[in-house]
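Notes to accompany the following structure.
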Amino acid sequence: MLEMIVIGADTHKRQHTLAGVDEVTGRVAGEKTVPVKRAALQDMVRWARSLGEDRVWAPGARLDALSKQQAWDRSSPPRR
Numbered sequence: 023m024l025e026m027i028v029i030g031a032d033t034h035k036r037q038h039t040l041a042g043v044d045e046v047t048g049r050v051a052g053e054k055t056v057p058v059k060r061a062a063l064q065d066m067v068r069w070a071r072s073l074g075e076d077r078v079w080a081p082g083a084r085l086d087a088l089s090k091q092q093a094w095d096r097s098s099p100p101r102r
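Under our numbering, think of the first position of the sequence shown as 23, with each following residue one higher.
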């Protein structure tokens with residue numbers, strides 16, 4: 023069985039922080055902070071892909087919400 027990784031994005035004016043959380047266990051699979059730049063989107067997508075094949079994006083989600091398996095967007099990375 024593949025584990026689903028839910029990726030939350032905490033966005034701010036100067037930087038964005040991402041966290042990937044296993045939807046079943048609540049285990050944090052990884053975290054990444056990037057500056058707010060156009061090139062950072064590619065870095066975020068590469069990082070997310072490194073966490074596994076089965077993943078969903080939950081922009082603006084808090085880690086405590088992610089651990090309760092609340093994913094809002096099952097399609098693609100956030101666009102800004």
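Positions of the beta carbon are idealized from the N, C-alpha and C atoms, including for glycine.
With distances taken between CB atoms, is the gap from residue i to residue j smaller than 7 angstroms?
i          : j          : result
residue 62 : residue 53 : no
Among residues of its own chain, excluding the 5 on either side of residue i, which ones have a beta-carbon nearer than 6 angstroms to its beta-carbon?
i          : result
residue 25 : 44
residue 69 : 54
residue 74 : 27
residue 98 : Any answer about residue 98 is weak, because its pLDDT of 47 lies below 50 and its placement is not dependable; what the coordinates show is given next. Cβ within range, chain order: n/a, list empty.
residue 60 : none
Which residue's Cα is closest to the Cα of residue i: the options?
i          : options        : result
residue 27 : 66, 33, 37, 47 : 47
Short of 7 angstroms in beta carbon distance, which residues of its chain neighbour residue i, apart from the five on each side in sequence? Order them along the chain.
i          : result
residue 56 : 37, 38, 62, 65, 66
residue 51 : 27, 42, 43, 44, 73
Quick one: residues in its chain with C-beta nearer than 8 angstroms to the C-beta of residue i, no 5 flanking neighbours on either side, listed in chain order?
i          : result
residue 35 : 58
residue 49 : 43
According to DSSP, what are the bridge partners of residue i?
i          : result
residue 44 : 27
residue 77 : 27
residue 50 : 43
For a test of your reading of the model: does the CB of residue i fall under 6 angstroms from any non-hydrogen atom of the ligand MN? Yes or no.
i          : result
residue 31 : Among the components of this structure there are no ligands whatsoever, and the ligand MN is therefore not found.
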